[in-house]
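To start, the structure under review is shown below, and the notes come after it.
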Amino acid sequence: MATKLLLTLAICRLIVTVGFTFNPNDLLRLGLDGKLSAAPADLQSASVDFGGVYRAEPMAVLHPATSEDVARLVKAAYDSARGFTVSARGHGHSINGQAMTRNGVVVQMSGGLKNKMLTVSEKFMYADVWGGELWIDVLTSTLEYGLAPKSWTDYLYLTVGGTLSNAGISGQAFNHGPQISNVHELDVVTGKGELLTCSEKENSELFQAVLGGLGQFGIITRARIALEQAPQRVRWIRVLYSNFSTFTHDQEYLISLHGKPSSQKFDYVEGFVIVDEGLINNWRSSIFSPSNPVKVSSLKAEGGVLYCLEITKNYHLTNADTIDQEIEILLKKLNYIPASEFTTDLPYVDFLDRVHKAELKLRSKGLWEVPHPWLNLFVPKSRIAEFDKGVFKGILGNKTSGPILIYPMNKNKWDDRSSVVTPEEDVFYLVAFLRSALESGDETQTLDYLSNQNNEILKFCEDESINVKQYLPHYDNQREWRDHFGEKYWTRFQQRKLEFDPRHILATGQRIFMPSFNPNIANW
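FYI, in mature numbering (1 follows the signal peptide of the UniProt record, and there is no 0) the residues of the sequence shown are -21 to -1, 1 to 503.
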């Protein structure tokens, strides 16, 4: 009774704020199998995210039990005289309030689903997955059949719908492409409240729009994910470079092998930048073992910066006797610092879940739930050396408060019909500044300092005409979004919005389109 009263009061507040003609009991009469909640704990949880920078409290939170629950809610928003906004939230790992909506309804896709939708087809090598399922749970289920998804993110405690709404990348992307290139089919609730199945052959425009679409065109409730035979173990190798051009040359060589047989290439290629020795002690400290004899401080770094190449070779126990030879042949083609090689061997699932182990350590120290002013950029290959000189050896000033990832990807593994925007070059780099803001007394670790440094990096790229594209993009106004997409892709993005979410109900936290009915209810 108390829960129903809270919800009725919340909906009444929604009516007063928005001013639309809507009976407060109508949402309660939608015939939902899940739960519509206005409990303070639910509202608080939905009003924050991993970024810890933005806050926007909704009026209610839907915990859906079925895809139809999501469709009924969005249809109610679409059909009402003045409308209300709806945002899908996964595991809350957004960084700039993208999954939030002020005075609207948040659909909490992860957790609590009564009848989880996760089935595996061994014959056709795919898994049907609920959009709010975590990738770690997908992995656990598919491994029971000896199978696994082809493409991953570095962190597995993210939802399927969340990563597919962005792209989903890690060190496998050079070979298999991002996660959005490894999806056969989707069920999507559009901004009109329609529940549609889409694929390359059915509702193809919606299919391409939603992949990397930032939640603007629909809410993914089911995804059919491509699978492959899962390896059993991983040989994980890390080597160091003091010269940036040698480092990038080797990375680019390794991703050029993507079409070769498995025995003639690595399965994962990433890297990171070390601008000070303290970086070793962050949440990816498993890169170097305490028993590793390499002393970073003893190496001569060009401009005070070192670069780590991170590569893996997957294998089955049945071919364990050939793995050493295959790795030796590949490593001979590289020009890293010979004394820096460090190798470890571990189960496949442990490698994929490596970041979560570091998360648990940070949580135990109270260092996980802090602001994360992350900046993720796609940098064209032709300008990456200038970026190194101006940013890694310039703006950062030998100080950082978190890992800086850098690795190249092949553009031909991306489908330009999707909504993701990448540089117009055959190879481009992800550069990810994954920093944490801490109240440690060190000015260089504060939220203001790191946010200002992010702006300085973006300003440097603008001044030097380095046409970077933000990954997990965040802009404050539509003009900046137009610049992000470019005229050609912006026109397509607008047309898709008009087709699939004409009232601009969905994902207002992205700040791309102002709701057509009443902007006061959104995050503007």
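All residues carry an ideal CB built from backbone N, CA and C; glycine is no exception.
This structure is a prediction, so every number in the text was calculated from the model and none was measured.
- Taking one beta carbon from each stretch, the region 375 to 384 and the region 248 to 257 have 3 or more pairs nearer than 8 Å; the two touch.
- With a beta-carbon spacing of about 36 Å, L219 and S144 fall beyond the 8 Å limit used to define contacts.
- Rounded to the nearest angstrom, the gap between the Cα atoms of F439 and L41 is 42 Å.
- Distance from the Cα of D12 is smallest, within the candidate group T45, K340, E289, for T45.
- Under DSSP, P387 shares a beta bridge with Y408.
- DSSP places R471 inside the alpha helix (DSSP H), whose first and last residues are 457 to 479.
- In this structure, the straight-line span from the alpha carbon of V349 to that of K311 is close to 42 Å.
- Between L413 and L375, the C-beta gap is not smaller than 8 Å, which leaves the two residues out of contact.
- If only uninterrupted beta strand (DSSP E) runs of at least 3 residues are considered, those enclosed by the region 77 to 162 are 84 to 87, 97 to 100, 105 to 109, 126 to 128.
- Looking at the DSSP output, C440 sits in no beta bridge, so it has no partner there.
- Check the Cα spacing between L325 and each of P210, A337, D48, Q77: the tightest is with P210.
- For Y327, the enclosing alpha helix (DSSP H) starts and ends at 327 to 331.
- About 16 Å separates the beta carbon of P494 from that of T169, a gap too long to meet the 8 Å contact definition.
- Between V108 and I204 the beta-carbon gap is near 6 Å, inside 8 Å, which marks them as a contact.
- One thing to note: I302 has its Cβ within 8 Å of the Cβ of R214.
- K448 is bridged by DSSP to F357.
- For V49, the enclosing alpha helix (DSSP H) starts and ends at 46 to 58.
- The alpha-carbon of P43 is positioned some 11 Å away from that of R68.
- If you look at F226, you'll find it isn't in any beta strand (DSSP E); it sits in the alpha helix (DSSP H) that goes 223 to 234.
- Contact between H463 and V400 holds, since their C-beta atoms are separated by about 6 Å, short of 8 Å.
- Exclusion of the five residues before and after S242 leaves E305 as the residues of its chain whose Cβ lies within less than 6 Å of its Cβ.
- Three or more beta-carbon pairs separated by less than 8 Å link the region 439 to 459 to the region 345 to 360, which places the two stretches in contact.
- The beta carbon of Y124 sits closer than 6 Å to those of V99, E101, all from its chain and outside the five residues before and after it, given in chain order.
- 8 Å or more divides the Cβ of D332 from the Cβ of N293.
- DSSP, read as helix, strand or coil, puts Y428 in helix.
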